[in-house]
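**Q** Provided herewith is a single structure, encoded as structure tokens, for subsequent inquiry.
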Amino acid sequence: MCAAWSRQVLQQAGMTESARIEAPPAAPAGPSETARRGPAARFTARWAARGEARGGLRSKPDPCPAGAAGGASRTRDGCGRDALAQERRGRYSCGSLQGDKLILASLLGNYPRIGDRPPEQALRRALQRADREEVPPSAIAEAEDEMTRLALREQAEAGLDIMTDGQIRWHDPVSHVARGLTGFRIEGLLRYFDTNTYYRQPAAVGPIGRERPVLVEAFRFAAGEAAPRPVKAIVTGPLTLSRLSRDARGRGRHHLTLEVASALNRELKDLEAAGADLIQVDEPAPAWLPADADLLRLAMRRLVAGLTSARVILSITFGDATPLLAELATLPVALVGLDVLAALGRMGAAGATCDGAADLGTRLASVIPPGTGLLLGVIDGRNTRLEEPNATYESRVRPILAALRKGSEPVPEVHLAPNHGLEFLPRDAARAKMTALAALRDRARQEFA
Amino acid sequence: MNDTGPHTRPDAPEERALPPGLLLPLSTIGSFPKPERLKRARAGFARGELDAESLRGIEREETAACIRLQEDLGLELLVDGEMYRGDMTTYFAENLEGFRISGLVRSYGNRYYRKPVVVGEVRWSRPVTVEWFRFARDQTALPVKAILTGPYTMMDWAFDEHYGSRESLALALADVIRREAEALVEAGARYVQIDEPAISVRPDEIDLAIRAMHRVTEGLRARTITHICYGDFAAIYPRLLDLPVEQFTLEMSNSDLGLLDLFKTSPFTKELGAGVLDVHSHAIETVEVVKNRILAALKVVPVSRLYINPDCGLKTRTPEEAEAKLRNMVAATREVRQTL
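Chains as they are written, first to last, in my numbering: chain A, 5 to 453; chain B, 185 to 524.
Spelled out as structure tokens, the structure:
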């Protein structure tokens, strides 16, 4: 993965000098209250409002005390390159994977965009005021920036190793991406899986394509703000996008999924070129709805084709993905993400006792090939009840890592995470969950790193 | 008695029902938009700048105004408009034992709410909505539908830090909501709607939802209704029809009447309150559009079992939008009645 470093560093530097302002995608039709302009449009407004070329990396003081996370003190990484320079660009570097950094803590993706304190309500206020035309649309983008910075800062303060932008700009996990592609029309509200939140359902009405980047600017912004900490990019996967869409053309789910995979492949390549070394593909659909293993394999191959340095996490949450493990093990991804609570819940329902986590670990050790890492959703992102770190470590983390150690061999790369995005929680609970997660990571490093 | 309720005349239960033979009765789902002065008053109360009694006074005035509006528009089965409620689950959680209320959580879009957290055994110690039901009924000669949030939805939309079992919590909540439903019937409620919008998202739990609803409605001396919206109905249909209620008020227009196709696969055997207004759109449906939706519903459900209502509660719309939409709904229904 390190061979492409210098090319990317140069590329990224070039981006900052010769940034082009792209035209926004067509806004969705209809006077819906929740219809909002596409992400690219909002970014254009934001950068234009600031009079800046987009994509610039801002230098800012480290918001986090030394030693909390990251590894900026190293001068050379395992690849012999200047790790500090790389990490300043918010990258997930070779260096950050050395030694005890094989056990990392991160969010799964989204994070509350609101809190009970007035500064945490900047985005809600901006959207309300823009809706009443009291402020220009650029105020929305500025508030999104502000809430993204806050999300990054809180992750850093909690001591997480890999940041996400909190998906603050995402209207929902489905339409946010579909809106940026061609061939989709955004329609009515549907519940998102078993949550009390909604997504706008895309309808595939024409050939699915991608004319311009959808998520790249948000990644650049977060990477610049989070530096030196690495940021993982997040993309909704083709199976989930197609399964939660309406196939208005009647060409079938298979066709639509592969079309989406091709369109998103271009997005992943652009994210890679923008410096994303870790890209998480969110695919909740296969854990929730009847999964087509062949289609998953075809779509994933198409999705990651041509990536040269970025490492892909395939995250399958909103249910137990362990029935798909054998299939997941064959996919061209660097890490597989699982909802450990859902897996243990199913095993518990089937009569397993406290050995559930050990059994899960044994299963993972036997199926997941060497070199493939795991993202383990071990903190409940759907309930405010706070995990007690010691008991949770003993029941959910330690038995799995012990089984994965395979004698004297080290554990594979493991990312400890909540089993859901934390947006479903109030902000105080989300912060407490991140602290608990960091504590689990510390315990795991002590024993297994 | 609930000290947060309005002051009303002593109870005088009377049997008030829709006129026999009325076709396509016109009703709503429950909530109406809160006028600006009420929003300001609620915000002032939250900041401690307004006392509870002053807020109640404004809530009473706006409830009375909401009843007048429904009468003026020509609606036939009224609601109290929920001027005094915030979120549909949090309101009940605030007034039952065993809950605390969380910080803000996103609902969708730019909407946020405070979510119930179950921290102890849930208990009903006093009526929650009865005084408001009486107050609304005293403002009108028309029947008023009482609106409750169902046990499955209360369970699914709360954080459970106490029970550790979805089933135990749902059934405990069912007993609580049953007590409230009985208190409403005691106060003269002839129509009780028990909202279960969460029911369509976990097909494997439909049996639990049905068992919980049984505890609420079994032997209840009222017409029982449930409201469900924005879900994958196909996954639970026709099992859905086993919910022990007489009427379903359903969201249909936001999903382009797709439900009607589903009902062609297996007959809809209960009364249908057809959602003919999309409450998530600023657009005011024309009379013609609403008429066509009613006519489409009539092709699938016989006129004797069809009621007309918006998709969902109107609180997400502005007062002007809600009034304009309902005006066209009433006009369209009257035009269709002429043809029957």
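Backbone N, C-alpha and C fix where the C-beta goes; we use that ideal spot for every residue, glycine too.
Pairing CB atoms from the region 305 to 317 of chain A with CB atoms from the region 244 to 254 of chain A, are three or more of them under 8 Å?
**A** Flag = no, the region 305 to 317 of chain A and the region 244 to 254 of chain A do not touch.
**Q** Any idea which residues DSSP pairs B:Lys329 with across the strands?
**A** Taking the second sequence and counting its residues from 1, the one referred to as residue 329 of chain B is at position 145. Note: B:Lys329 sits in a beta bridge opposite B:Tyr375.
**Q** Using a Cβ-Cβ cut-off of 8 Å, state whether B:Leu288 counts as contacting chain A.
**A** Against the second sequence, residue 288 of chain B aligns to sequence position 104. Interface residue, yes.
**Q** From B:Met397 to B:Arg423, what does the alpha carbon distance come to, in whole angstroms?
**A** What you label residue 397 of chain B is simply residue 213 of the second sequence in a count that begins at 1. What you label residue 423 of chain B is simply residue 239 of the second sequence in a count that begins at 1. Roughly 14 Å separates the two Cα atoms.
**Q** Does the beta-carbon distance from B:Pro381 to B:His346 come in below 8 Å?
**A** Your numbering for residue 381 of chain B matches position 197 in the second sequence. Your numbering for residue 346 of chain B matches position 162 in the second sequence. The answer is no: Cβ separation not under 8 Å.
**Q** Just to make sure I have the definition right: I need the residues of chain B whose C-beta is within less than 7 Å of the C-beta of A:Ile118. Which are they?
**A** Here residue 118 of chain A is taken as the residue at index 114 of the first sequence, counted from 1. Going along chain B in sequence order, the residues near A:Ile118 (Cβ under 7 Å) are Leu288, Arg290, Tyr296.
**Q** Check whether the Cβ atoms of B:Leu222 and B:Ile251 lie closer than 8 Å to each other.
**A** Here residue 222 of chain B refers to the residue found at position 38 when the second sequence is read from its first residue. Here residue 251 of chain B refers to the residue found at position 67 when the second sequence is read from its first residue. No, these two residues do not count as a Cβ contact at 8 Å.
**Q** Between the alpha carbons of A:Phe188 and B:Ser211, how many angstroms are there, rounded?
**A** To locate residue 188 of chain A, count along the first sequence from 1; it is residue 184. To locate residue 211 of chain B, count along the second sequence from 1; it is residue 27. For A:Phe188 and B:Ser211, the distance between alpha carbons rounds to 36 Å.
**Q** B:Val301 versus chain D: which residues are under 7 Å apart at the beta carbon?
**A** In summary, chain D is missing from the structure at hand, where the protein chains are A and B.
**Q** Within the chosen definition, does the region 304 to 323 of chain B reach the region 375 to 390 of chain B through at least 3 CB pairs nearer than 8 Å?
**A** No: the two stretches stay apart, fewer than three of their Cβ pairs being nearer than 8 Å.
**Q** Below 8 Å between beta carbons: does that hold for A:Gly377 and A:Leu332?
**A** Stepping through the first sequence from its first residue, residue 377 of chain A is reached at position 373. Stepping through the first sequence from its first residue, residue 332 of chain A is reached at position 328. Result no, Cβ atoms of A:Gly377 and A:Leu332 do not sit closer than 8 Å.
**Q** Can you say whether B:Leu479 is buried or exposed, counting buried as having 16 or more other CB atoms within 10 angstroms of its CB?
**A** Counting from 1 along the second sequence, the entry for residue 479 of chain B is found at position 295. It is exposed - the Cβ of B:Leu479 has fewer than 16 other Cβ atoms within 10 Å.
**Q** For B:Asn493, go through chain A and note every residue whose CB falls closer than 8 Å to its CB, in chain order.
**A** Residue numbering aside, residue 493 of chain B sits at position 309 when the second sequence is read from its first letter. Chain A residues near B:Asn493: none, gap ~18 Å exceeds 8 Å.
**Q** State yes or no: is the C-beta of B:Val484 within less than 8 Å of the C-beta of B:Phe432?
**A** Working through the second sequence from its first residue, we reach residue 484 of chain B at position 300. Working through the second sequence from its first residue, we reach residue 432 of chain B at position 248. Result no, Cβ atoms of B:Val484 and B:Phe432 do not sit closer than 8 Å.
**Q** Output needed for B:Val126: all residues of its chain with C-beta closer than 8 Å, excluding positions within five of it in sequence on either side, in chain order.
**A** Because chain B spans 185 through 524 in this model, residue 126 of chain B falls outside it and cannot be assessed.
**Q** Kindly indicate the opening and closing residues of the alpha helix (DSSP H) around A:Ala145.
**A** Translated into positions along the first sequence, residue 145 of chain A becomes position 141. Start and end: 142 to 162.
**Q** Determine whether the beta carbon atoms of A:Leu304 and A:Val337 lie at a separation below 8 Å.
**A** One-based indexing of the first sequence puts residue 304 of chain A at position 300. One-based indexing of the first sequence puts residue 337 of chain A at position 333. Note that residue 304 of chain A is Met in the sequence shown here, rather than Leu. Their beta carbons are under 8 Å apart, which means A:Met304 touches A:Val337 by this criterion.
**Q** Could you pull out every residue in the same chain whose Cβ sits closer than 6 Å to the Cβ of A:Phe452, ignoring the five residues on either side in sequence?
**A** Here residue 452 of chain A is taken as the residue at index 448 of the first sequence, counted from 1. Same-chain partners within the cutoff: Leu405, Val415.
**Q** So who's on the other strand from A:Asp176, going by DSSP bridges?
**A** One-based indexing of the first sequence puts residue 176 of chain A at position 172. Beta-bridge pairing links A:Asp176 to no other residue.
**Q** Does chain A have any CB closer than 8 Å to the CB of B:Glu469?
**A** Indexing the second sequence from 1 puts residue 469 of chain B at position 285. Cβ-Cβ to chain A under 8 Å: no for B:Glu469.
**Q** Please confirm whether A:Glu91 has its beta-carbon closer than 8 Å to some beta-carbon of chain B.
**A** Taking the first sequence and counting its residues from 1, one reaches residue 91 of chain A at position 87. With a pLDDT of 41 at A:Glu91, under the threshold of 50, the modelled position of this residue cannot be trusted; read the value that follows with caution. No, no contact with chain B.
**Q** How would you list, in chain order, the residues of chain A whose beta-carbon sits under 8 Å from the beta-carbon of B:Glu345?
**A** Residue numbering aside, residue 345 of chain B sits at position 161 when the second sequence is read from its first letter. Per Cβ cutoff of 8 Å: Asn387, Thr388, Arg389.
**Q** Buried or exposed for A:Arg121, going by 16 or more other Cβ atoms inside 10 Å?
**A** Your numbering for residue 121 of chain A matches position 117 in the first sequence. Counting Cβ neighbours within 10 Å, A:Arg121 comes out exposed, since fewer than 16 surround it.
**Q** Use the C-beta contact count for A:Ala31: other C-beta atoms within 10 angstroms, 16 or more gives buried, fewer gives exposed.
**A** As a first step, residue 31 of chain A is located in the first sequence; it is residue number 27 there, counting from the start. Legend: pLDDT at A:Ala31 = 34, less than 50; position of this residue unreliable, value from coordinates given subsequently. So A:Ala31 ends up on the exposed side.
**Q** At the 8 Å Cβ level, is A:Gly349 part of the contact set with chain B, yes or no?
**A** Within the first sequence, residue 349 of chain A is the residue found at index 345, counting from 1. No, its Cβ sits nowhere closer than 8 Å to a Cβ of chain B.
**Q** Got a sec: which bits of the region 373 to 394 of chain B sit with their beta carbon under 8 Å from any beta carbon on chain A, in order along the chain?
**A** Within the region 373 to 394 of chain B, the qualifying residues are Ala382, Ser384, Val385, Arg386.
**Q** Between A:Arg400 and chain B, is any beta-carbon pair separated by less than 8 Å?
**A** Translated into the one-based positions of the first sequence, residue 400 of chain A becomes position 396. It does not: the Cβ of A:Arg400 has no partner Cβ on chain B nearer than 8 Å.
**Q** To the nearest angstrom, report how far apart A:Arg204 and A:Tyr196 are at their CA atoms.
**A** The residue you call residue 204 of chain A lines up with position 200 of the first sequence. The residue you call residue 196 of chain A lines up with position 192 of the first sequence. In a straight line, the C-alpha of A:Arg204 is about 9 Å away from that of A:Tyr196.
**Q** Between B:Val474 and the rest of its own chain, which residues show a CB-CB distance below 6 Å, the 5 nearest in sequence each way excluded?
**A** In the second sequence, counting from the first residue as 1, residue 474 of chain B sits at position 290. Result list for B:Val474: Val460, Asn512, Met513, Ala516, in chain order.
**Q** Would you call B:Glu504 buried or exposed, if buried means 16 or more other Cβ atoms sit within 10 Å of its Cβ?
**A** By 1-based counting over the second sequence, the position of residue 504 of chain B is 320. Under this definition B:Glu504 is an exposed residue.
**Q** Can you pull out the residues from the region 399 to 427 of chain B whose beta carbon lies closer than 8 Å to at least one beta carbon of chain A?
**A** Per Cβ criterion, the list reads Tyr414, Gly415, Asp416.
**Q** Spell out a yes or no on whether the region 150 to 164 of chain A and the region 209 to 220 of chain A are touching, meaning 3 or more CB-CB pairs, one atom from each, closer than 8 Å.
**A** They do not touch, by the three-pair rule.
**Q** By the criterion of Cβ-Cβ separation under 9 Å, what are the contact partners of B:Ser439 in chain A?
**A** If you number the second sequence from 1, residue 439 of chain B lands on position 255. Residues of chain A passing the Cβ test: Glu191, Gly192, Leu193, Leu194, Gln205.
**Q** Which residues in the same chain have their Cβ closer than 8 Å to the Cβ of A:Ala369, if we skip the five residues on either side of it in sequence?
**A** Numbered from its first residue, the first sequence carries residue 369 of chain A at position 365. Within the same chain, A:Ala369 has close Cβ partners Ala407, Leu408, Lys410.
**Q** Sort out for me which residues DSSP pairs A:Leu293 with in a bridge.
**A** Against the first sequence, residue 293 of chain A aligns to sequence position 289. Paired residue(s): none; A:Leu293 is not in a bridge.
**Q** What is the C-beta distance between A:Leu299 and A:His259, in whole angstroms, given that I count them as a contact (C-beta under 8 Å)?
**A** What you label residue 299 of chain A is simply residue 295 of the first sequence in a count that begins at 1. What you label residue 259 of chain A is simply residue 255 of the first sequence in a count that begins at 1. Going by Cβ atoms, the distance from A:Leu299 to A:His259 rounds to 10 Å, so no, they are not a contact pair.
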